[in-house]
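Let me begin by presenting the structure, written as structure tokens, before commenting on it.
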Amino acid sequence: MDFRCSINLSLNNLLLCLRCSGSDASSSVTQSPVFKAAALGETVSLSCTASKGVDNDLSWYLQKPGQPPKLLFYQISSRESDTPSHFSSSGSEPEFTLTINGVQAADAGDYYCMGLYRGPEFTQ
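With mature numbering (1 follows the signal peptide of the UniProt record, and there is no 0) as the guide, the letters of the sequence shown map in order to residues -25 to -1, 1 to 99.
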């Protein structure tokens, strides 16, 4: 399951525009809002809702044009060493949030929320 948002910088009005779209083949992830705009320096929150089974196995990624996705957070709020300090991640099943405090032009890119679903365990 995945969730994708992209932030695009508009040089004409110095706004960062947030567009979200999701892949939801099993109805296990939804996103809100579909479109959001924020001025440079404002706070932006990306929401990811996952159905039961994700527990704390939720990660956030940022992909910039021409580059592979880069891990920002894993296990909800464990920060990768090079994740900018103005990024934070929080939540618990089923609601998760990536927050960007003081949005900068360098934050532009595609954001992904990915949850690892844990199915039932079988024993012999």
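Idealized CB from N, CA, C, for every residue including glycine.
Considering Cα atoms alone, identify which of Ser53, Asp30, Tyr36 and Thr74 is closest to Gly84.
If we check each option's Cα against that of Gly84, Tyr36 comes out closest.
Along the beta strand (DSSP E) that carries Gly39, what are the first and last residues, could you check?
A small correction: the amino acid at residue 39 is Lys; Gly does not occupy that position in the sequence shown. Note, Lys39: premise wrong, no beta strand (DSSP E); not H, not E.
How many angstroms separate the CA atom of Gln79 from the CA atom of Thr58?
Taking the straight line from one Cα to the other gives about 14 Å.
If we call anything under 8 Å between Cβ atoms a contact, is Gly21 one with Tyr86?
The question names Gly, yet the displayed sequence has Leu at residue 21. Yes, the Cβ-Cβ distance between Leu21 and Tyr86 is below 8 Å.
Assign Thr18 to buried or exposed, taking buried as 16 or more other Cβ atoms, counted over all protein chains shown, within 10 Å of its Cβ.
Exposed: under 16 other Cβ atoms inside 10 Å.
Where Phe71 and Lys27 are concerned, what is the direct C-alpha to C-alpha distance, given to the nearest angstrom?
In a straight line, the C-alpha of Phe71 is about 13 Å away from that of Lys27.
Under a three-way DSSP split, which group does Ser53 fall into?
Residue state, collapsed to three classes: strand.
Does Ser53 pass the burial test, meaning 16 or more other C-beta atoms within 10 Å, or should it be called exposed?
So Ser53 counts as exposed.
Within a Cβ cutoff of 7 Å, which residues of the same chain sit near Asn31, ignoring the five residues on either side of it in sequence?
Result list for Asn31: Gln50 and Ile51, in chain order.
Return the chain-ordered list of same chain residues with a C-beta closer than 6 Å to the C-beta of Thr74, the five sequence neighbours on each side being excluded.
Here the set comprises Ser20 and Ser63.
Beta strand (DSSP E) containing residue 110: first to last residue?
No information on residue 110 is available, as it lies outside the stretch -25 to 99 that the chain covers here.
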